[in-house]
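*Asks:* Below is the structure I would like to discuss, written out as structure tokens.
Protein chains: 2
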Amino acid sequence: MTVLLRGGVDVGGTKIQAVITTRRGRVVGGARRVTPREGGPAAVADDIALAVTEAATSAGVRVRELRSVGVGAPGHVDGAAGVVFKAANIVGWSEPFALGPTLEQRLGRPVAIGNDVSVAVEAERRFGAGRGVRSFLGVFWGTGVGGGLVLDGRHVVGRGSAGEIGHMCVKPGGRRCACGLRGCAEAYAGRAALEQRARREARKRKTVLFEIARKRERDSLTSGIWIRALEQGDQVARDLLDEAVDALGVAIGSSVTLLDVERVVIGGGIGERLGPKWLTRIERAAAPHTFFSPPPVYVLAELGDLGGAIGASLLTR
Amino acid sequence: MTVLLRGGVDVGGTKIQAVITTRRGRVVGGARRVTPREGGPAAVADDIALAVTEAATSAGVRVRELRSVGVGAPGHVDGAAGVVFKAANIVGWSEPFALGPTLEQRLGRPVAIGNDVSVAVEAERRFGAGRGVRSFLGVFWGTGVGGGLVLDGRHVVGRGSAGEIGHMCVKPGGRRCACGLRGCAEAYAGRAALEQRARREARKRKTVLFEIARKRERDSLTSGIWIRALEQGDQVARDLLDEAVDALGVAIGSSVTLLDVERVVIGGGIGERLGPKWLTRIERAAAPHTFFSPPPVYVLAELGDLGGAIGASLLTR
């Protein structure tokens, strides 16, 4: 009996995660590489191809035995053409690049391209926390704050990019977001914004955040660093994360009021690392902005770090 | 050739509007009655039956020739059971009432019950401003602020009541809304909230709003009164409507950011009366909160006052 295997790759600003999955979403192989910071999209494409090859090897198959390969990329994507227009957080990727065709030539397999958050939502819908649910809001809390919508049994995309919960306004006239708008949830809750804010606070108040980063030889504040600082009772970390949770609460509560979903699924680098206690805090922060009673059920994403790659493996051209 | 006709009724706090429609949504008859303010839901059901009968007569048919009758009611509705739980704005309707079965007995035709905003969105999708569009956000700006979502070609409802854009938070910790939450768009933009606020302002500042209402022998501030006051340069009317538009801008902009719709369709009592100039103002107020570029196209609802009744006629059991 031949098992139908697919490759899936999640491309992020920090790492490239490849997996090999079965029809039912079981992971039978994987490989991870650091995202190259030089060479632009062509270098990233090279490393994606390498990661897929390594993942296939770890699953005991060859790339040519894979049915297809899917790639979830950050930013705006034209799935039909396989083009990634501008990959947020990937150094040097500011112009459209035909990632799909490039990889097809390299790998000799059909390659489909999708948005990273969108594929992660699809993975949760099929195999994770959204299984058996007609409607849910997926929120991915990491460097940015992304989201996805499953409504009335289907993953909906609007004109193509629905789910930008991180750029909903939580404070009119509030803090400037990297996207150019003001008062976005991401400007308060995204890891990039949190770090920027922490650097400013560090000039005025004592914080262990950057000390931990130095000890861990990190040049940015990872989720783990924030958690360690909280454990040490760091007030700056606590204040900023409180503010982040409040902002997420407004955006999520308003989204639930608009969408009337059954579930809210929280994932992403920070979301998953913070765990159930913070899930409850987010739920409490959303309650004052939630019109419906009973409110939806809040759950953590189930597929963790591999969700994006698993979701990417579901993509078909 | 027999023409297939259906009855549709829009039940509001002020009036009961019945229409007779063809398969293609053309209105071939209609009747309007004032919503009874005494006698509760049973009295309202009586008047709905009368309105349907009058509408049928005006179309030259008998009620028993209608294929079916649909009723759009405000508030929470159980379509399958034909029950309206609590009809917002209808005096004395605070308990669940089996409107569907009651009307079926009275009219001798199958009767379907739906939510008033939801049927109005469906009418716009099929025959109005949402025709030929894969995704739009419907916003009904009247006594309250309701909404509906058409995404990826389908009218989506979540757990059943999606679209409550009026209760999205536009100002955390802001004005108390009639729903109990704080900072809802409706607390700034709904006609009921606007009137309450105008009464308070009238103690401090000069306004012609209540003078016009007295002359017109109205005990509440209708859309027409607001428009007249604006024409007379009334500063209170201007300030409050500016604030209303700003609040709608935050809610609509954030909704567009979440949904990535092609169009925003503005209707409802105030929305329609204010016309294209205000449509542009709403669009401008939403722009600073809209993540996507180009933004969606803003249009007025096309079916006007009859949209709810036409939409109700589409309901089937």
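These protein sequence lines are chains A and B, in that order. Per this note's numbering: the first sequence = residues 204 to 520. Per this note's numbering: the second sequence = residues 204 to 520. In this text, a Cβ means the ideal position worked out from N, Cα and C, and glycines have one as well.
State the CB to CB distance for the pair B/Val-287 and B/Gly-273, rounded to an integer number of angstroms; the pair is presumed to be in contact (CB under 8 Å).
*Replies:* Rounded, the Cβ-Cβ distance is 13 Å, inconsistent with contact.
*Asks:* Are the region 483-497 of chain B and the region 226-246 of chain B in contact at 8 Å, needing three or more beta carbon pairs?
*Replies:* As far as the Cβ criterion goes, the region 483-497 of chain B does not touch the region 226-246 of chain B, which means the pair count is below three.
*Asks:* Starting from B/Phe-339, follow the beta strand (DSSP E) in both directions and report where the run begins and ends.
*Replies:* B/Phe-339 -> beta strand (DSSP E) spans 339-344.
*Asks:* Can you confirm whether A/Pro-491, when its beta carbon is compared against all beta carbons of chain B, has any partner nearer than 8 Å?
*Replies:* Yes, its Cβ sits closer than 8 Å to a Cβ of chain B.
*Asks:* The alpha helix (DSSP H) that contains B/Arg-394, what's its start and end?
*Replies:* Segment 394-407, the alpha helix (DSSP H) holding B/Arg-394.
*Asks:* Output yes if chain A places a C-beta closer than 8 Å to the C-beta of B/Ser-178; else output no.
*Replies:* Because chain B spans 204 through 520 in this model, residue 178 of chain B falls outside it and cannot be assessed.
*Asks:* Is B/Ala-246 helix, strand or coil when you go by DSSP?
*Replies:* B/Ala-246: helix per DSSP, three-state reduction.
*Asks:* From A/Gly-303, A/Gly-242, A/Ala-262 and A/Phe-339, pick the residue whose C-alpha is nearest to that of A/Val-294; which is it?
*Replies:* Looking at the Cα atoms, A/Gly-242 is the closest of the given residues.
*Asks:* Considering only C-alpha positions, which residue in the set A/Lys-409, A/Phe-494 and A/Gly-210 is nearest to A/Ala-432?
*Replies:* A/Ala-432 has its Cα closest to that of A/Lys-409, out of A/Lys-409, A/Phe-494 and A/Gly-210.
*Asks:* What residue range is occupied by the uninterrupted alpha helix (DSSP H) comprising B/Gly-150?
*Replies:* This structure cannot speak to residue 150 of chain B, because chain B is shown only from 204 to 520.
*Asks:* Are the CB atoms of B/Leu-477 and B/Ala-440 within a distance shorter than 8 Å?
*Replies:* Result no, Cβ atoms of B/Ala-440 and B/Leu-477 do not sit closer than 8 Å.
*Asks:* Since B/Asp-281 is in the beta strand (DSSP E), which residue starts that stretch and which ends it?
*Replies:* B/Asp-281 -> beta strand (DSSP E) spans 279-281.
*Asks:* Measuring only between beta-carbons, confirm whether A/Thr-460 sits less than 8 Å from chain B.
*Replies:* Yes - at least one Cβ of chain B is within 8 Å of the one on A/Thr-460.
*Asks:* Count the CB pairs spanning the region 385-395 of chain B and the region 323-340 of chain B that are closer than 8 Å, and state whether there are at least three.
*Replies:* Segments in contact, no.
*Asks:* Using a Cβ-Cβ distance cut-off of 8 Å, determine whether B/Ser-364 contacts chain A.
*Replies:* Yes, because at least one Cβ of chain A sits closer than 8 Å to the Cβ of B/Ser-364.
*Asks:* Consult DSSP for B/Thr-305 and reduce its assignment to one of helix, strand or coil.
*Replies:* Helix at B/Thr-305.
*Asks:* With DSSP run on the structure shown, which of helix, strand or coil describes B/Arg-328?
*Replies:* Here B/Arg-328 sits in helix by DSSP.
*Asks:* Excluding five sequence neighbours on each side, which residues of the same chain lie with their C-beta closer than 8 Å to the C-beta of A/Ala-254?
*Replies:* Cβ within range, chain order: Val-212, Ile-219, Gln-220, Ala-221, Ala-234, Arg-235 and Arg-236.
*Asks:* Name the chain D residues that come within less than 8 Å of B/Asp-355, Cβ to Cβ?
*Replies:* Checking the listed chains, one finds no chain D in this structure; the protein chains it contains are A and B.
*Asks:* Should B/Arg-309 and B/Ala-245 be called a contact, given that it needs their Cβ atoms to be closer than 8 Å?
*Replies:* No, the Cβ-Cβ distance between B/Arg-309 and B/Ala-245 is not below 8 Å.
*Asks:* Drop a sphere of 10 angstroms on the beta-carbon of B/Lys-374, count the other beta-carbons inside from all chains shown, and report buried for 16 or more, exposed for fewer.
*Replies:* It is buried - the Cβ of B/Lys-374 has at least 16 other Cβ atoms within 10 Å.
*Asks:* Below 8 Å, how does it come out for the region 344-355 of chain B and the region 322-330 of chain B: are there three or more Cβ pairs, yes or no?
*Replies:* Cβ pair count under 8 Å is three or more, so yes.
*Asks:* Quick one: list the residues of chain A neighbouring B/Gly-456, beta-carbon separation under 7 Å, in chain order.
*Replies:* Within 7 Å Cβ-Cβ: Cys-372.
*Asks:* Count the other CB atoms, across all protein chains shown, that sit within 10 Å of the CB of B/Arg-174; report buried if there are 16 or more and exposed otherwise.
*Replies:* Since the first residue shown for chain B is 204 and the last is 520, residue 174 of chain B is missing from the structure and cannot be characterised.
*Asks:* Under 8 Å, do A/Pro-299 and A/Arg-520 count as touching if we go by C-beta distance?
*Replies:* No, the Cβ-Cβ distance between A/Pro-299 and A/Arg-520 is not below 8 Å.
*Asks:* CA-CA distance, B/Ile-428 and B/Ala-450?
*Replies:* Answer to the nearest angstrom: the Cα atoms are 21 Å apart.
*Asks:* Given B/Asp-437, which residues of its chain have a CB within under 7 Å of its CB, disregarding the five upstream and five downstream residues?
*Replies:* So the list reads Thr-410, Val-411 and Leu-412, once near-sequence residues are dropped.
*Asks:* Just to confirm, are A/Phe-343 and A/Gly-452 a CB contact at a threshold of 8 Å?
*Replies:* For A/Phe-343 and A/Gly-452, no; Cβs fall outside 8 Å.
*Asks:* Please compile the residues from chain B whose C-beta is within a distance smaller than 9 Å of the C-beta of A/Arg-385.
*Replies:* Here the neighbours are Pro-491 and His-492.
*Asks:* Per DSSP, what are the beta-bridge partners of B/Phe-495 in this structure?
*Replies:* Answer is none; B/Phe-495 lacks a bridge partner.
*Asks:* Just the C-alpha distance for B/Gly-471 and A/Val-500, rounded to the nearest angstrom, thanks.
*Replies:* Cα to Cα, the separation comes out at about 32 Å.
*Asks:* Return the CA-CA distance between B/Arg-357 and A/Ser-458, expressed in angstroms with no decimal places.
*Replies:* About 19 Å.
*Asks:* Checking the sheet assignment: what are the DSSP bridge partners for A/Ile-219?
*Replies:* Answer by DSSP bridge pairing, in chain order: A/Val-214 and A/Arg-236.
*Asks:* State the start and end residues of the unbroken beta strand (DSSP E) segment that holds A/Ile-316.
*Replies:* Taken as a continuous stretch (DSSP letters only), the beta strand (DSSP E) holding A/Ile-316 covers 314-318.
*Asks:* To which residues of the same chain is B/Arg-400 closer than 8 Å at the C-beta, ignoring the five residues directly before and after it?
*Replies:* Around B/Arg-400: Leu-443.
*Asks:* Between A/Gly-210 and A/Ala-259, is the Cβ-Cβ spacing less than 8 Å?
*Replies:* Yes, the pair counts as a contact, with Cβ atoms nearer than the cut-off.
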